[in-house]
Structure formats: structure tokens, C-alpha cells
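Written out below as C-alpha cells is the structure these notes cover.
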Amino acid sequence: MRLLTIAILTLFSFLGSTTQLKAQNTEIPDTIVMLTGKRLLVNVSGLTSTDIKYFIPGDAKQQTVKRKSVQMVLYHTGRQEVLNKPLFTMINEGDYRSVIITEKPEEVDGLFPSW
Numbered sequence: 207m208r209l210l211t212i213a214i215l216t217l218f219s220f221l222g223s224t225t226q227l228k229a230q231n232t233e234i235p236d237t238i239v240m241l242t243g244k245r246l247l248v249n250v251s252g253l254t255s256t257d258i259k260y261f262i263p264g265d266a267k268q269q270t271v272k273r274k275s276v277q278m279v280l281y282h283t284g285r286q287e288v289l290n291k292p293l294f295t296m297i298n299e300g301d302y303r304s305v306i307i308t309e310k311p312e313e314v315d316g317l318f319p320s321w
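What the sequence shown shows, in the working numbering, is residues 207 to 321, in sequence order.
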């Protein structure tokens, strides 16, 4: 009888430890990318028209961030939700987007051709 009790307790402790390991390994956080470029590793719990509600892993307190200050949410499933465009984009000097066309002579006064 004592041997059976020990076997059952050992089995339950083994099953309990494997489920804890499984829960720790599969808990991949979501990522909130702020407009400033800062990334928050969180578990998103909800999106409203004005806020994003989330939990920091290991903390039971729900927190919120304004939706207008978030660029995108990257979910742990791989889905991306773009909420706002970034504040600025880095443009290389030779990029066509850095060229400004003007017909006002005062805007080009003092410049010289680069050829």
C-alpha cells in the first residue's frame, strides 16, 4: 500500500512539473512597437478605439497605452496590426525621395552643381 502511494505521488509530481515546463516554454509575448521605436514585450489583452490593454509577463496588473502613440502590434502568432505610420523615415542622400524640386531662385541661392 505504501509503495502504491509513493508511485501515485511521484506520478502526480512528474505530471505537474511537465505541465509547468510546457506553460513556460509556450508563453511567447506580443510586441508593441511605439512611434518612438521603443518595443514593449507584453501580452496584449485588448484593443479599443483609443487604448491598447496589456499585461507585462509576470505581472498581474493590467496596463494601458494610447493607441495614437503606437506604430504597430506584433502578435506572438505572427500577425501584424499596423495602427499608425512611423514619425520619420531615414532617407539616404542618393535616394530619389530626398530630391526637392523648386522654381524659386531664393531657395537655391548659394548652391552649386555637384558635377
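In this text, a Cβ means the ideal position worked out from N, Cα and C, and glycines have one as well.
Same chain only: Cβ atoms within 7 Å of residue i, ignoring 5 sequence neighbours per side
{"i": "Ser-251", "result": "Lys-259, Tyr-260, Phe-261 and Gln-268"}
{"i": "Asp-301", "result": "none"}
{"i": "Glu-313", "result": "none"}
{"i": "Arg-303", "result": "Ile-297"}
{"i": "Thr-295", "result": "none"}
{"i": "Leu-293", "result": "Leu-241"}
Counted within 10 angstroms of its Cβ, other Cβ atoms place residue i as buried (16 or more) or exposed
{"i": "Val-276", "result": "buried"}
{"i": "Pro-319", "result": "exposed"}
{"i": "Asp-236", "result": "buried"}
{"i": "Ile-238", "result": "buried"}
{"i": "Val-248", "result": "buried"}
Any chain C beta carbon closer than 8 Å to residue i
{"i": "Gly-284", "result": "In the displayed structure, chain C is absent; only one protein chain is listed."}
Spatial neighbours of residue i in its chain, beta-carbon cut-off 8 Å, leaving aside the 5 residues before and after
{"i": "Lys-291", "result": "Gln-277"}
Residue i versus the options, residue with shortest Cα-Cα distance
{"i": "Ile-234", "options": "Leu-246, Ile-306, Met-240 and Thr-242", "result": "Leu-246"}
{"i": "Lys-273", "options": "Leu-289, Tyr-281 and Val-305", "result": "Before going on, a small fix: residue 273 reads as Arg here, not Lys. It is Leu-289."}
{"i": "Lys-244", "options": "Pro-311, Val-271 and Arg-285", "result": "Val-271"}
{"i": "Val-279", "options": "Thr-295, Leu-210, Gly-264 and Asp-257", "result": "Asp-257"}
{"i": "Leu-253", "options": "Ala-266, Gly-264, Asp-265 and Tyr-281", "result": "Tyr-281"}
Strand pairing of residue i, partner residues [DSSP]
{"i": "Gln-277", "result": "Bridge partners of Gln-277: none, in fact."}
{"i": "Val-305", "result": "In the DSSP output, where bridge partners are listed per residue, Val-305 has none listed."}
{"i": "Val-271", "result": "Ile-258"}
{"i": "Val-314", "result": "Beta-bridge pairing links Val-314 to no other residue."}
Cut-off 6 Å between Cβ atoms - residues of its own chain near residue i, not counting five sequence neighbours on either side
{"i": "Thr-216", "result": "none"}
*Could you name each continuous alpha helix (DSSP H) segment of 4 residues or more that falls completely within the region 227 to 267, going from the start of the chain to the end?*
Every candidate alpha helix (DSSP H) stretch fails here, since none sits fully inside the region 227 to 267 while reaching 4 residues.
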